[in-house]
Structures are given as structure tokens and as C-alpha cells.
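A.B. asks: Have a look at the structure that comes next, please.
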Amino acid sequence: MESSREEILRSLRAAQSSPAVLPEVADVGIRYPDAREQFAKSVSEVAGRCVFVGDRRRLDEELERLPEFAAAQKIVSLVPGVHRANVDLAAVADAHDLNDVDFCVLPGELGVAENGAVWVRQGGSPHRAAWFLAQHTALVLSGSAIVHNMHQAYERLEIGGPGFALFVSGPSKTADIEQALVIGAQGPRSCTVLVIEE
Amino acid sequence: MRATHEAHLPPAQGTDAAVQPPPQTPVPMNGAPAHPQHSLHTSSAQQHEHPAKAAAFVANDARLHWHDQAVWFIRAKRDRVSSAFPEWEQLRALGSQIKAHTLSRLADYLEHFEKKAVSLGAQVHWALSAEEHNRVVHSILASRGVRRVVKSKSMLTEECHLNPYLESHGIEVVDTDLGERIVQLRREPPSHIVMPAIHLKKEEIGQLFHQQLGAPAGLSDPKALTELARQHLREKFLGAQAGITGVNFAISETGGFVVCTNEGNADLSTALPPLHIACMGIEKIIPRAKDLAIFLRVLARSATGQPITSYTSHFHGPRPGGELHIVIVDNGRSRILQRDEYRRSLHCIRCGACMNTCPVYRRSGGHSYGVTVPGPIGSVLAPHLNPAAHASLPFASTLCGSCSDVCPVKIDLHHQLLVWRGELGRAHLVPIEKRVGSAIGGWILARTWAYRFFGKLMRSLLRRLPRALVYHRWNAWGRQRELPDAPRYSFREIYRRRRGK
Amino acid sequence: MSDVALFVPCYVDQFYPQVGLATLDLLDRFGIHADFPEAQTCCGQPMANSGCFSDAAPLARKFLDVFSGYRYVVCPSGSCTSMVRHHYANLLPGEPRLAAIGGKVYELCEFLHDVAGIKPRGRFPHRVGLHQSCHGLRELRLASGSERRIAAFDKVRDLLEGLEGIQLVDLARPDECCGFGGTFAVSEEAISCAMGKDRIADHERAGAEIIAGADMSCLMHLSGLLRREHKHLRVMHVAELLAEATA
Chain B
0 MESSREEILR SLRAAQSSPA VLPEVADVGI RYPDAREQFA KSVSEVAGRC
50 VFVGDRRRLD EELERLPEFA AAQKIVSLVP GVHRANVDLA AVADAHDLND
100 VDFCVLPGEL GVAENGAVWV RQGGSPHRAA WFLAQHTALV LSGSAIVHNM
150 HQAYERLEIG GPGFALFVSG PSKTADIEQA LVIGAQGPRS CTVLVIEE
Chain A
0 MRATHEAHLP PAQGTDAAVQ PPPQTPVPMN GAPAHPQHSL HTSSAQQHEH
50 PAKAAAFVAN DARLHWHDQA VWFIRAKRDR VSSAFPEWEQ LRALGSQIKA
100 HTLSRLADYL EHFEKKAVSL GAQVHWALSA EEHNRVVHSI LASRGVRRVV
150 KSKSMLTEEC HLNPYLESHG IEVVDTDLGE RIVQLRREPP SHIVMPAIHL
200 KKEEIGQLFH QQLGAPAGLS DPKALTELAR QHLREKFLGA QAGITGVNFA
250 ISETGGFVVC TNEGNADLST ALPPLHIACM GIEKIIPRAK DLAIFLRVLA
300 RSATGQPITS YTSHFHGPRP GGELHIVIVD NGRSRILQRD EYRRSLHCIR
350 CGACMNTCPV YRRSGGHSYG VTVPGPIGSV LAPHLNPAAH ASLPFASTLC
400 GSCSDVCPVK IDLHHQLLVW RGELGRAHLV PIEKRVGSAI GGWILARTWA
450 YRFFGKLMRS LLRRLPRALV YHRWNAWGRQ RELPDAPRYS FREIYRRRRG
500 K
Chain G
0 MSDVALFVPC YVDQFYPQVG LATLDLLDRF GIHADFPEAQ TCCGQPMANS
50 GCFSDAAPLA RKFLDVFSGY RYVVCPSGSC TSMVRHHYAN LLPGEPRLAA
100 IGGKVYELCE FLHDVAGIKP RGRFPHRVGL HQSCHGLREL RLASGSERRI
150 AAFDKVRDLL EGLEGIQLVD LARPDECCGF GGTFAVSEEA ISCAMGKDRI
200 ADHERAGAEI IAGADMSCLM HLSGLLRREH KHLRVMHVAE LLAEATA
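Chains B, A and G, in that order, give the protein sequences. Under numbering that gives the first Met the number 0, read the first sequence as residues 0 to 197, first letter to last. Under numbering that gives the first Met the number 0, read the second sequence as residues 0 to 500, first letter to last. Under numbering that gives the first Met the number 0, read the third sequence as residues 0 to 246, first letter to last.
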């Protein structure tokens, strides 16, 4: 007896009509006069915050200037140099125990000017649940890793290796109640992008 | 080559997107079928379903305008963001071409996707029907002893009526998108595919939360209500044994898939429980990772007027120590693919822009369509599975064409609605009054002498009959409108006299 | 025999003869002497719109019989023109005369704008709300529309703008559908009238004295609502407006 898989594939093959060409999606995207400036503008438009830190060594200082970070007690950081980070994810047995994380600092690989999105890859680090359970987040991004648009982003990114990655654009939000925008729906209530220059 | 004039009615299917109960009727939770068995015969009630429900919606004038403005607001936001760069129409064309290409080789792309996904450690299942989808999902959950599931938004699972099925088997399913959770608690279907609770006022949501989530009476501030829901849903995420998500885009090249949310609920649903089940329609496949650039640039802009959703999660294989199951579902899509005139409807990326722009949707509300996916795209998709039950939908439109012009993947929605009308007409699923009127009108208009004779007679009667005989209860035009004045002479009579004939 | 024929929509012939006459007079004024072939009746849209394609097909054939011999067919209705140009293929698959007719049938404004290259001069000192009829707009592309991100154009507006004293008011929703929709007006009467009333309210708020449009069907529906409410806002077909302005 034919399996559902076989039946579906067979019926799809029977249905196919004339071939349609797959277009080349060469960079059709907008270029901004200043990608960093547009990036900052976009981050702000998606209810995030963008801070130009400059020297990486000033990272900690800038973090402390964020009221949410200053008030945070349980801090996760996947970015080195955050001295008050006090949760070692590798030592946590169960991700469910991370519900009380106040602040999570993550490394961004790439930023997109048109929409303020930052690409974060899990790689080998455990418990990505912390990224979403945390009440507040910060993403650390190199200024030279800011591209203009999504086409450029996908040209640079290697998609496909096993594992999880995502674009984060601003904090968690919803407008499901009478279209009123509320920041901090299920996930983090704030998202600050700290742009460092290497 | 043009299709023939025969009606292409699909054979009756089991579980499908049949008529949904109206909002106040609770969806049965006890294992009883959630929808009636349909037949190929249509009742007059079914043929008039949308008009009747729409009239009820319109009757509350204040609410009508509130709903219309709320949804138009999103159309306006879409207009603004799509003007942010010059290449918008180019993106639409590319998106449409990529989808058309993919559909022309869909089996190949699906097979390749499966191969790559499996090599990453995912388990892939195939389901022909909604029923089979439900059984597959249930069996995965049951075999791991799962009793508590969290779900992020998936119109496919809604289409398959997954929730009542799982509930009838003793599994708790919590919809974690805030809008979906709201309608779930109210035991009603979503009224919009992106903003499920757009039909509700904050006071109504406040009342619901007071009744079911312990909110203080009278609370209606959206921020406070959202905070309450946040706490409530956190508990659910933490207590869940499995997470079910939909799939926005499945990448054939890599075997991965993308899920887009603003709330982060897909991530919380899948980062905590060890089991992730992702449900996708066969048409969600795209060829290459770089094609995502096109679709992600138009999806949120079309749906909510945002440049991108807060979270665009790319899943490739299960979490270390976790399990990932992907369920690939047909449920009538391969049959749509066989129809040249309708195949472009499979381009749909479920953005909802067509609903936001549709003047009829905005003034009748999603529930008046009686199907999982309402509005223009819903009216094109629903009749495939059950033309009899959804015969009124292709007529719930003025064919204004606004939907086709906002669709980011260039589905020719309003043309497909007209094609459906012809198909329903040939299958005698059009209301009798239209068929009789059309036959009589067609006979008269095909004969110049008859047209002239009956035209003059009609005008003569209209000028002579007392008002009460013209504006009677069967004169639907005359309920709120005057008929045009009937002139003594038609254009052609005046023309004849002018030319001295 | 002229090489231009006038196609007058059935409801214009019966209920709004002045629109047909204005069209004829306007064309005459610009040196275009159109025939009115008397055998014409209807394009078949009401039947096709109801899904009764087999009732519409004979009307489509009759249309081709009456008009195929002309070089141009001009019609003061976007929806009837679109029916012929875009939808006759649904009714008469494989009909050889279809290829030619698509290129011959013109809605009045597009004919004046594209073929005759007319830029009307005259006087019309009134506040006018321009109603964008949907089929003319989105099927015949008489204007760019609010949905698409392309360079803006508007053929109907171009014809009116040159008139002295005319003020084209700004609408909140410049091209939302009026709700007529053919048989929709009757089968979905509640929504149809709600849509029409909203259009009227938009024009009222914008301060229009006259709602002008290129499709009398939309205007018939709006006029029906206006007259039932005893409102002073009037409707005029663009042909009537131009005929009056250029007289």
C-alpha cells in the first residue's frame, strides 16, 4: 500500500505544469548613505535601543549605564568581559532553572540596517532558553558587521549547519489587544544593541 | 489550453475546514466531531452564509466602524513601510517568481528538504489529510507520554482542528500567541490570521481575564493585561512537555525552517520542552536560504507594517538532547496545484495583507466567513475542500482588486474569485434567485428587440407604479437606496430621434 | 461608417441616457464622430458576475458580432471595458476574434488620454471628489492606485485638472471601493450600503459638492444612497462633467 509520502509526491509530480524559472536574487536591496546610522534608527523604530560604545573595553561601563542591567542580579553573558555575569550556563542542569535570569548578554554576528535585526547563533552554548526567559537583553555587535539589507545578510551568513540561530529585532512585543503596542510580551522586555568598533 | 467547462468538484473528504460555529457556541471538547459531515448538496443557508453573518455585523454601526478603522490602520502602516525603499514591486515580482518556480518542482524540493532535515537529526512525517496530521501529531505526543503542550501560532494546525483532537485525547494544548490564547479562552476561532483577537475590545479581554485568569474586575489597560498574560503563559512554557510550532518557510537547500514571531513564544515553546513538533503545509518550501531575504523583507511589512518580526528563528535539526519532528501536510494542496487557474494561491505566505485591505472583510469580520482562514485568500482556498459549504465566499467580494495589488507574492486573488464564481455556477451551487435572474436577463439581453421592449416596459412601470409596489420587502436594492429615476426615453431612443430616423 | 463605435452600457442606455449623450457630444467636440451600432445590448457582466457564464457567453458573442468591425470601441464604463478586455476569455475560450477586440475597446477616459491625446480646456468651478472606480483603476490601470509602489499617474485626474476653477478634494481613502460590485449590491446589501455610506462620508468630510467618476454603476449606487438620505451632494459622470465644462 502506498504511503502518504508516496501518494503526496506522486500527486505533486502529476500536477506539475510548465517549468518556471528560478530568478537570480542578486542584491536588489536598498543602500543607505550611512549603514550604522540607519541601523541605529531601525533599532529604535523596533523599540530597541542602540548605543555606540566604541572601544570594546568600555563594554562593562556601558552596560552599567543601562538601568535594567544596573538593577540586575542574575546575569548571563555569552560575551566575555562582562564582570558581573554570574550564571554559568554550562553548570546549569535544567533550563527551567533559568526563569529568574534578569539580564542576558549575547554576541551578535551581524546587524541589518533596514530593520535593526541582529543575527545570533547558538553554536555550542547550552540553554538558549536563557535568551528568551531573561527579562532584559543586550546584543554586542561589531560596527563593521552592519550590512545594509537582508540580501547582504544572507550573502554573508552561512545557513545550514546544525543548530539554532535567529535574527533578533528589538524586544518582545505584541499589539494583540486593540492594536495597542505593548513592549515585553512573552520574551525579554528590552533589547539594547551595543555597537563596538574593533 | 483552457480548462473545460466541467465542474471540478473534489470528492468528499473527512476532516476539513467546514463551517465553524459562531463565536458564542463553545467548540465541543468531548471528542465529538467539531464540524458536521458535509454533503455535495448545499443548503440555501450555506449559500447565504456570509451575507447573513455580514448583515449581523453591520447592524452594530459603532462596532462596524471601530473594526473597519482598526484593520484599515494596519493597511495604512503597510503602505508607509512599503514606501521606505524603491524596490517594493521588484520584491513582489521576485517572491512570486520564486514561489512559481518552487511549485513547478515541488516534489523534488520537498524530497531534498526531507533528506537534509533527516541528516540534521530531525524526523520527518507526511500527512495526506488534516485527520492524518492530527493522528501523527498525537501519536508522537502519546508515545512520549506528553500531557501538556504549548503551541505557537500555526494556521495549519488551526485548519486541521488539532486542538480539539488533542484535547479529546486528554492532552492540554495552550496557544501561546497572546491573540490566540485570548480566543482559545473564549472558545472561539481567530478572526484574523495575524491578529486573532482584532474583533475584541480591551474591556472584553479584561472581562475574560477576570473570569479565567484572576485579573481584577474592570481591568482593561492593554499593558496590564499583557503583563498578566505573560505571567500566566510563563507558567505554561515552564510546565510544558512539548512545543508545537508552525513553519513560515522551510528551506529545501538546508533542511531547516524559519518561524517568525513578535512575542518570542515560538522560542519559549521550543527552548524549554525537549520535544518540538513543527507542522507545515507542502507549499511552505522555498529553494534556497538566500530566498529568505525576499520573503522576510515583505512578510512583516505586509502583515503588520513592521520591517521584520522581533524574532526570526532558524531551526536546523533538534536541540542537543532534544527531538525535532517535522510534519509535512497536504490536505488538498496537491489538488489545488493541479488547477492552473488556482495554483498561484499556493504562493500565499499567510501575511493577512489581503484581509487588511479588503473593504468587505473590514466590515464583516473574520467570523462571517466561517472558515479558518477568512478574507480574500480564504475565499479562494476554502471552496476547494468543500465548495458546497463555502459557496457564498467567492461572492463576498466586489472584485475591487485591492487584495491582488497588496499581495506580496502577487496572487491574482480577485481573478481567482471570478473563476470560482463560474465554477460554482456550473455546479449549480449559486443561489436560485441569481440563476433565475441571470437566465431571464441573459435571454432578454441576447435579443435586441427583447431588450428594447422590456427596457421600455420596465421604465414605464417604474414611472407609473405607486412607491409601495416598487419599494417592497423583496426589493433588496431599495432597502437603503433609491432606484435611479426611470427616464421616458432611453439613450438609443433619443439617439434615433436625433439622427432623424 | 466611422471607425469609432460607441458602446453604451445597458443601464446607462436605460437609466442615464444623458451620460451616453454627453459621451457622444464630448467625442464630437474633439472631432471624433462615433457610430452607435443599434444592435448592441449588454457586455454580459451581470451574468458573469453571478457565476452564470453560460448565460453571459451569448452576450459576449453578440458584442463581438456588433463591434468587431470597428477600429475603436469607446465605452463610458471601466467595468464593461474590463469585462471585454480581460474576462471574455473566460466566457469564450478559444474564440479567434478575442485577440483583436482587447486592443480595440477603450474606456472613455483612457481613449481621450491615450489615443486622442486630449487635454480638455474649460471651466468647472466646483469642489469635486474624484471617485476611483475599481475596475477602471485596478484592471484597466487608469491610475497607479494606492496599493502599488510605482510612479504615480492618474489619467482621469489629468483630464480634469486643466479645467479652470476645479478643486479636486483630498479624500482620506482615495480609492476604496464604493460597494456596488454588481450583484453584490443586492446579495450583500448590508455591506454594500455600509461601504457606500462610508465613501459618501469621506467625500462630505473632504468638502466635495460633486462626486465624479468614470463608472455610472458606482455613481448609481452612491446616488441611490444620497437621495434616500436627502443629501445635497450630487454625482456626475466624468463625461457629463467634461461636456458641461467644455461646452
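We treat Cβ as the ideally placed atom computed from N, Cα and C, and that holds for glycine.
Assign A/His124 to one of three DSSP states: helix, strand, or coil.
C.D. replies: Taking the first residue of the second sequence as 1, we reach residue 124 of chain A at position 125. A/His124 falls in the strand class under three-state DSSP.
A.B. asks: Using a beta-carbon distance below 9 angstroms, is B/Ile176 in contact with chain A?
C.D. replies: Here residue 176 of chain B refers to the residue found at position 177 of the first sequence. Yes - at least one Cβ of chain A is within 9 angstroms of the one on B/Ile176.
A.B. asks: So what's A/Val405 in DSSP terms, helix, strand or just coil?
C.D. replies: Along the second sequence, read from residue 1 onward, the residue named residue 405 of chain A stands at position 406. Residue state, collapsed to three classes: helix.
A.B. asks: Tell me which residues share the same chain as G/Phe35 and place their Cβ nearer than 6 angstroms to its Cβ, disregarding the 5 neighbours each side in the sequence.
C.D. replies: Translated into positions along the third sequence, residue 35 of chain G becomes position 36. Closer than 6 angstroms at the Cβ level, and outside the excluded window around G/Phe35, lie Leu5.
A.B. asks: With 9 angstroms set as the bound, which would you pick, yes or no: does the beta-carbon of G/Thr80 sit closer than that to a beta-carbon of chain E?
C.D. replies: In summary, chain E is missing from the structure at hand, where the protein chains are B, A and G.
A.B. asks: What do you get for A/Met194, buried or exposed, if any count of 16 or more other CB atoms within 10 angstroms of its CB means buried?
C.D. replies: Residue numbering aside, residue 194 of chain A sits at position 195 when the second sequence is read from its first letter. With 16 or more Cβ atoms within 10 Å of its Cβ, A/Met194 is classed as buried.
A.B. asks: Please report the distance separating the alpha-carbon of B/Leu180 from that of B/Ser168.
C.D. replies: Working through the first sequence from its first residue, we reach residue 180 of chain B at position 181. Working through the first sequence from its first residue, we reach residue 168 of chain B at position 169. Distance between the alpha carbons of B/Leu180 and B/Ser168 is about 15 angstroms.
A.B. asks: In the DSSP assignment, find the unbroken alpha helix (DSSP H) run with A/Asp174 in it and report its ends.
C.D. replies: As a first step, residue 174 of chain A must be located in the second sequence, where it is residue number 175. Careful: A/Asp174 lies outside any alpha helix (DSSP H), inside the beta strand (DSSP E) at 171–174.
A.B. asks: Could you tell me which chain A residues have their CB closer than 7 angstroms to the CB of B/Thr203, listed as they occur along the chain?
C.D. replies: The question about residue 203 of chain B has no answer, for chain B in this structure spans 0 to 197.
A.B. asks: Using 10 angstroms around the beta-carbon of G/Met235, count the other beta-carbons present and answer buried if the total reaches 16, otherwise exposed.
C.D. replies: Sequence index remark: in the third sequence, residue 235 of chain G carries index 236 (1-based). Its Cβ being crowded by 16 or more others within 10 Å, G/Met235 is buried.
A.B. asks: Helix, strand or coil for B/Met0? Go by DSSP, reduced to three states.
C.D. replies: Taking the first residue of the first sequence as 1, we reach residue 0 of chain B at position 1. The answer is coil: DSSP assigns B/Met0 none of H, G, I, E or B.
A.B. asks: Could you name the residues of chain B that A/Ile281 contacts, counting a contact when the two beta carbons are closer than 8 angstroms?
C.D. replies: Here residue 281 of chain A refers to the residue found at position 282 of the second sequence. Per Cβ cutoff of 8 angstroms: Ile7, Leu11.
A.B. asks: Can you have a look at B/Ala25 and say buried or exposed, based on whether 16 or more other CB atoms are within 10 angstroms of its CB?
C.D. replies: As a working note, residue 25 of chain B is residue 26 in the first sequence. Exposed, by the Cβ-count rule.
A.B. asks: If you measure from the beta carbon of A/Ser489 to each beta carbon in chain B, is any gap under 9 angstroms?
C.D. replies: Counting from 1 along the second sequence, the entry for residue 489 of chain A is found at position 490. No, A/Ser489 does not count as interfacial toward chain B.
A.B. asks: Per DSSP, what kind of secondary structure is B/Pro201 in: helix, strand or coil?
C.D. replies: Absent from the model: residue 201 of chain B. The displayed extent of chain B is 0 to 197, so no value can be given.
A.B. asks: Which bits of chain B does A/Phe314 rub up against, with CB to CB less than 7 angstroms?
C.D. replies: Residue 314 of chain A sits at position 315 when you count from the first residue of the second sequence. Within chain B, the residues near A/Phe314 are Phe163.
A.B. asks: Under three-state DSSP, which class holds A/Arg253?
C.D. replies: Along the second sequence, read from residue 1 onward, the residue named residue 253 of chain A stands at position 254. At residue 253 of chain A the sequence reads Thr, which differs from the Arg that was named. Residue state, collapsed to three classes: coil.
A.B. asks: Between which two residues does the beta strand (DSSP E) carrying B/Trp118 extend?
C.D. replies: As a working mapping, residue 118 of chain B is identified with position 119 in the first sequence. Segment 116–120, the beta strand (DSSP E) holding B/Trp118.
A.B. asks: Drop a sphere of 10 angstroms on the beta-carbon of A/Tyr488, count the other beta-carbons inside from all chains shown, and report buried for 16 or more, exposed for fewer.
C.D. replies: Locating residue 488 of chain A in the second sequence gives position 489, where the first residue counts as 1. That one is exposed.
A.B. asks: Considering Cα atoms alone, identify which of B/Asn114, B/Gly122, B/Ile195 is closest to B/Val146.
C.D. replies: On the first sequence, residue 146 of chain B is found 147 positions in, with the first residue counted as 1. For the residues B/Asn114, B/Gly122, B/Ile195, the minimum Cα distance to B/Val146 belongs to B/Asn114.
A.B. asks: Any C-beta of chain G sitting closer than 9 angstroms to the C-beta of A/His49?
C.D. replies: One-based indexing of the second sequence puts residue 49 of chain A at position 50. A/His49 counts as touching chain G.
A.B. asks: If you draw a straight line from the C-alpha of A/Arg420 to the C-alpha of G/His86, how long is it?
C.D. replies: On the second sequence, position 421 is the one that residue 420 of chain A refers to. On the third sequence, position 87 is the one that residue 86 of chain G refers to. Looking at the two C-alpha atoms, the distance is approximately 13 angstroms.
A.B. asks: Please look up how many angstroms separate the CB atoms of A/Pro232 and A/Arg180, rounded, as I've assumed it's under 8 angstroms.
C.D. replies: If you number the second sequence from 1, residue 232 of chain A lands on position 233. If you number the second sequence from 1, residue 180 of chain A lands on position 181. Checking the displayed sequence, the identity of residue 232 of chain A turns out to be Leu instead of Pro. Yes, they are in contact, since the Cβ atoms of A/Leu232 and A/Arg180 sit about 7 angstroms apart, within 8 angstroms.
A.B. asks: Determine whether the Cβ of B/Pro79 lies closer than 9 angstroms to any Cβ atom of chain A.
C.D. replies: The residue labelled residue 79 of chain B in the question sits at position 80 within the first sequence. No, no contact with chain A.
A.B. asks: Residues in the region 183–203 of chain G with C-beta within 9 angstroms of chain A's C-beta atoms, listed in sequence order?
C.D. replies: Those residues of the region 183–203 of chain G that come within reach of chain A (Cβ to Cβ, closer than 9 angstroms) are Phe183, Ala184, Val185, Ser186, Glu187, Glu188, Ala189, Ile190, Ser191, Cys192, Ala193, Met194, Gly195, Lys196, Asp197.
A.B. asks: Is G/Ser49 close to chain A, meaning its C-beta is less than 9 angstroms from at least one C-beta of that chain?
C.D. replies: By 1-based counting over the third sequence, the position of residue 49 of chain G is 50. True, the Cβ-Cβ gap to chain A drops below 9 angstroms.
A.B. asks: Which residue's Cα is closest to the Cα of A/Leu119: A/Ser333, A/Val435, A/Phe314?
C.D. replies: Here residue 119 of chain A is taken as the residue at index 120 of the second sequence, counted from 1. For the residues A/Ser333, A/Val435, A/Phe314, the minimum Cα distance to A/Leu119 belongs to A/Phe314.
A.B. asks: Can you pull the chain A residues whose beta carbon is under 8 angstroms from the beta carbon of G/Gly180, in chain order?
C.D. replies: As a working mapping, residue 180 of chain G is identified with position 181 in the third sequence. Ser396, Thr397, Leu398, Cys399, listed in chain order.
A.B. asks: Indicate the three-state DSSP secondary structure (helix, strand or coil) for G/Met235 in the structure shown.
C.D. replies: Taking the third sequence and counting its residues from 1, the one referred to as residue 235 of chain G is at position 236. Note: G/Met235 maps to strand in three-state DSSP.
A.B. asks: Could you tell me whether any Cβ in chain B is nearer than 9 angstroms to the Cβ of A/Phe96?
C.D. replies: Looking up residue 96 of chain A in the second sequence gives position 97. What sits at residue 96 of chain A in the sequence shown is Gln, not Phe. For A/Gln96, the answer is yes, since a Cβ of chain B falls inside 9 angstroms of its Cβ.
A.B. asks: Can you name the residues that DSSP bridges to B/Leu140?
C.D. replies: Your numbering for residue 140 of chain B matches position 141 in the first sequence. BP columns for B/Leu140 point to B/Val194.
A.B. asks: For A/Tyr501, which residues in the same chain have their Cβ closer than 7 angstroms to its Cβ, ignoring the five residues on either side in sequence?
C.D. replies: Since the first residue shown for chain A is 0 and the last is 500, residue 501 of chain A is missing from the structure and cannot be characterised.
A.B. asks: Which whole-angstrom value describes the C-beta separation of B/Val75 and B/Leu62, a residue pair presumed to lie in contact below a C-beta threshold of 8 angstroms?
C.D. replies: For the purposes of this step, residue 75 of chain B is identified with residue 76 of the first sequence, where counting begins at 1. For the purposes of this step, residue 62 of chain B is identified with residue 63 of the first sequence, where counting begins at 1. With 8 angstroms as the limit, B/Val75 and B/Leu62 do not qualify as a contact, their Cβ atoms being about 13 angstroms apart.
A.B. asks: Which residue from A/Ile192, A/Ala75, A/Ile97 puts its Cα closest to that of B/Pro22?
C.D. replies: For the purposes of this step, residue 22 of chain B is taken as the residue at position 23 of the first sequence. That would be A/Ile97, whose Cα lies nearest to the Cα of B/Pro22.
A.B. asks: Taking the beta strand (DSSP E) that A/Gly242 falls in, what are its first and last residues?
C.D. replies: Looking up residue 242 of chain A in the second sequence gives position 243. Segment 241–244, the beta strand (DSSP E) holding A/Gly242.
A.B. asks: Is B/Leu105 close to chain A? Criterion is C-beta to C-beta, closer than 9 angstroms.
C.D. replies: On the first sequence, residue 105 of chain B is found 106 positions in, with the first residue counted as 1. Chain A, which has no Cβ nearer than 9 angstroms to the Cβ of B/Leu105, makes this no.
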